[in-house]
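K.L.:
In my numbering, the protein residues as written are 49 to 151.
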């Protein structure tokens with residue numbers, strides 16, 4: 049479920065356990081001035097979540113802020129092939145087939 053934070057800002061939270069500790073996972077969606085969307089820290093790309101996001105506007109940017117946030121990157125690349133993908137330094141070497149850093 050997307051939670052509206054402001055006119056152009058939403059978050060999606062889902063459970064995440066690591067080492068027996070509940071950490072949680074948060075994805076942020078922002079609507080940019082050109083009405084496209086910026087997705088930060090992508091979570092599981094379910095059909096329900098996609099419908100909610102698609103209702104907000106076209107996804108233009110998907111950002112993996114670090115290596116921890118790469119689990120669902122391939123799902124998002126498949127779902128939004130027209131989006132530009134940005135990742136932290138080193139991801140291009142770790143995942144050479146991924147469309148990263150705006151390519």
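Ideal placement from N, C-alpha and C gives every residue a C-beta, glycine not left out.
Every value quoted in this text rests on a predicted model; they were computed, and no experiment measured them.
Given that a residue counts as buried once 16 or more other Cβ atoms are within 10 Å of its Cβ, and exposed if not, what is residue 151?
P.N.:
With a pLDDT of only 48 at residue 151, under the threshold of 50, the placement of this residue in the model should not be trusted; the figure read from the coordinates follows. Result: exposed.
K.L.:
Beta-carbon separation of residue 111 and residue 86 under 8 Å?
P.N.:
Yes, Cβ-Cβ distance for residue 111 and residue 86 is below 8 Å.
K.L.:
I need the DSSP call for residue 82, collapsed to helix, strand or coil.
P.N.:
Looking at residue 82 - three-state DSSP - the assignment turns out to be coil, as it is neither helix nor strand.
K.L.:
Assign residue 195 to one of three DSSP states: helix, strand, or coil.
P.N.:
Since the first residue shown for the chain is 49 and the last is 151, residue 195 is missing from the structure and cannot be characterised.
K.L.:
What residues in its chain sit with their C-beta under 8 Å from that of residue 77, if we drop five residues either side in the sequence?
P.N.:
Contacts found: 50, 57, 58, 59, 60, 85, 86, 87, 88, 101, 104.
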